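Heads up: the sequence shown begins at 3 in my numbering, then just goes up one per residue.
Quick reminder that beta carbons are idealized off the backbone N, C-alpha and C, glycines included.
Quick caveat, the model's predicted, so the values are computed rather than measured.
Input: a single structure, listed below in structure tokens.
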Amino acid sequence: MRVRTLTGGLAAVLVLAGPLLNGPAEAVPSAGTAPRQVAVDVLTYDASRAGEFKAAVDRGAAIWNESVESVELRPAGSGESADVRIVADDGWPRSVPSSQGGGTVYLGREAMDQGYYAIRVAAHELGHMLGLPDRKPGPCSDLMSGASAGLSCTNPYPSAAEKAQVERNFEGAPAGALLGRS
Ligand SMILES: [Zn+2]
């Protein structure tokens, strides 16, 4: 887990890549930009074992990155230990938090074989990694309603309430606070 600093959620004016790399960084806000600084938690993920669902995982992560500002899901670099591991298997999709925080998402083929939409399933399971519980039964407009919204539901986007919950989970929290991460 790393923390990056953004201004106004738009212009990255100050990247804290670690004092050993950059030394003291100079923040240079662009003209007219309110200098509201927001700590962004970065959760890395490893989809190398996601098999045929790798593209769905990347899309699900991109949807979360478009939807919230306080946390970013980013592919782990080679040799980097990922916060979230994604594994395709033959069971039902599920998420297993690890004691260190993050955890493992199993993208079970059983659901996709039944016709559930892989991108919605991936975004839903990543929602668990961002601290959201299941809310079943629930409408298709909710991501965390999962399979209870039915086979016809292909919505892969979190609702406004779900986005707000993730922002609350990460915003203002010291890096590592969620799920006992340290
Ligand atoms: Zn779930």
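Would you please state the rounded distance, in angstroms, between the beta carbons of residue i and residue j? I believe it to be under 8 angstroms.
i: D48; j: A90; result: With 8 angstroms as the limit, D48 and A90 do not qualify as a contact, their Cβ atoms being about 13 angstroms apart.
I'd like to know whether the C-beta atoms of residue i and residue j end up nearer to each other than 8 angstroms.
i: R96; j: G117; result: no
i: P158; j: G53; result: no
i: P99; j: G129; result: no
i: E112; j: G93; result: yes
i: L45; j: V86; result: yes
i: K138; j: S154; result: no
i: D43; j: S80; result: no
i: T156; j: Y119; result: yes
i: G152; j: M146; result: no
On the DSSP letters alone, give me the boundaries of the alpha helix (DSSP H) that residue i sits inside.
i: G129; result: 120–131
i: G62; result: 56–69
i: E74; result: That residue, E74, is in no alpha helix (DSSP H); its beta strand (DSSP E) goes 73–77.
i: E164; result: 162–172
What residue range does the beta strand (DSSP E) around residue i cover?
i: A90; result: 86–91
i: R96; result: 96–99
i: L153; result: Neither: L153 is in no beta strand (DSSP E) and is coded neither H nor E.
i: G105; result: 105–110
Touching by the beta-carbon criterion (3+ pairs, under 8 angstroms), the region 118–128 and the region 57–68: As far as the Cβ criterion goes, the region 118–128 touches the region 57–68, which means the pair count is three or higher.
Cβ contact (3+ pairs, closer than 8 angstroms) linking the region 157–172 and the region 129–140: Segments in contact, yes.
Please enumerate, following chain order, all residues with a beta carbon closer than 7 angstroms to at least one heavy atom belonging to ligand 1. S97, H126, E127, H130, D136, M146, G148
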